[in-house]
Structures are given as structure tokens and as C-alpha cells.
Amino acid sequence: ALDLWSEEPRAGEGEPVPCAGREGNAGTPGMPPGSSREFGLILMGSTGAAPAWERIARLERIALGVAQMEEPELRAPALAVLAWVQWARGRGGRCLAFLERALSTDPGYRLALLLRGLVEQGELAGLARSRETAWHREAA
35 ALDLWSEEPR AGEGEPVPCA GREGNAGTPG MPPGSSREFG LILMGSTGAA PAWERIARLE
95 RIALGVAQME EPELRAPALA VLAWVQWARG RGGRCLAFLE RALSTDPGYR LALLLRGLVE
155 QGELAGLARS RETAWHREAA
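Note that the sequence shown covers residues 35 to 174 in the working numbering.
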């Protein structure tokens with residue numbers, strides 16, 4: 035997840051994207067990159083910086099492929115990631131649909147349970163609360 039905000043391009047990628055937690059960027063000032071607190075802020079969409087939405091779209095495509103695999107131990111995590119992507123985009127209904135599928139595969143999958151609790155309480159991802167950080171269809 036931290037790579038989704040990473041400034042350094044990976045092999046075969048183009049321009050840098052904003053990074054949470056690095057000096058000089060609109061991330062999480064003073065927080066060491068990769069810390070558990072930073073990861074929590076990213077998971078909640080509360081870093082204050084927009085992610086590289088094209089990387090989120092790539093994550094979504096990969097997770098969709100994994101979710102279609104036969105192995106149940108891979109399906110619940112992939113479906114939970116897909117749910118998180120939808121939640122980060124501000125699409126609670128789609129998020130819940132993926133969570134239902136994840137929990138039907140593994141009823142005790144913690145990430146799916148935690149995310150379902152947030153959505154059911156009406157919690158909106160921090161990313162979706164700001165025009166500057168929110169996902170827009172044309173960003174994908």
C-alpha cells in the first residue's frame with residue numbers, strides 16, 4: 035500500500051507521484067515512511083495527500099485477477115482489497131458488495147470485518163472528503 039504513494043518510479047514506470055511521509059511532499063510530515071502509523075493513515079485515506087490513482091487502478095486490476103482464482107485463502111484478501119479501493123473512491127455500496135463476497139469466502143477475515151464496520155457506521159474515507167484528493171472517473 036505504501037508504494038501507491040511512492041515518489042520513486044518502479045522499474046518500467048514513468049514519472050514520480052506524491053509520497054506520504056516524505057519531506058517536501060503533502061504526505062504525513064515528520065512520520066517515517068513505512069511506519070505502522072503511516073500505514074494506518076493510508077488505510078483510512080487520511081494522509082492529506084492524494085494517492086497515485088493510476089496505481090490504485092493497477093492494484094484493482096491485480097486484485098480482480100487474484101479474486102477470480104480458485105484458492106479461498108487468496109480470494110478473501112483480494113476481495114477485501116477491492117472493497118478498500120471502492121471505499122477509498124467514496125463508493126460505499128460497491129465496497130459492501132465486495133465485503134459480502136470476502137466474508138462469504140472467509141467469515142472471519144479481519145480486514146473485511148473492520149472495513150465493514152467502518153462502512154456500516156457511515157465512515158467516509160478521508161480521500162473522498164476532499165476535492166483535491168478524491169477519485170474522479172477521469173483519473174482512472
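For glycine and all other residues, C-beta sits at the position ideal for the given N, C-alpha and C.
Quick one: is residue i buried, meaning 16 or more other Cβ sit within 10 Å of its Cβ, or exposed?
i	result
Arg-123	buried
Gly-99	exposed
Glu-154	exposed
Arg-150	buried
Gly-126	buried
Leu-133	buried
Gly-48	With a pLDDT of only 49 at Gly-48, under the threshold of 50, the placement of this residue in the model should not be trusted; the figure read from the coordinates follows. By the 10 Å Cβ count, Gly-48 comes out exposed.
Glu-107	exposed
Please report the Cβ distance between residue i and residue j, rounded to the nearest whole angstrom; I am assuming they are in contact, meaning their Cβ atoms lie under 8 Å.
i	j	result
Asp-140	Ala-110	4 Å
Val-115	Ala-97	4 Å
Output needed for residue i: all residues of its chain with C-beta closer than 6 Å, excluding positions within five of it in sequence on either side, in chain order.
i	result
Glu-94	Val-119
Arg-135	Leu-113
Just how far apart, CA to CA, sit residue i and residue j?
i	j	result
Asn-59	Ser-69	For Asn-59, the predicted structure reports a pLDDT of 42, less than 50, and the residue's modelled location is therefore unreliable. A value from the coordinates is still provided. So the two alpha carbons sit approximately 17 Å from each other.
Gly-79	Glu-104	30 Å
Ala-168	Gly-142	30 Å
Arg-128	Ala-117	7 Å
Glu-157	Glu-88	24 Å
Ala-84	Ser-138	32 Å
Leu-148	Trp-121	12 Å
Glu-72	Gly-82	11 Å
Please state whether DSSP places residue i in a helix, a strand or coil.
i	result
Ala-86	coil
Gly-111	One point to set straight first is that residue 111 is Pro, not Gly, in the sequence displayed. If DSSP states are grouped into helix, strand and coil, Pro-111 belongs with the helices.
Examine chain B for any beta-carbon lying closer than 9 Å to the beta-carbon of residue i, and answer yes or no.
i	result
Leu-148	Considering every chain present, this structure includes no chain B. It has just one protein chain.
Go through its chain and collect everything with a Cβ distance to residue i's Cβ below 7 Å, but skip five positions before and after it.
i	result
Gly-160	Met-78, Gly-79, Ser-80
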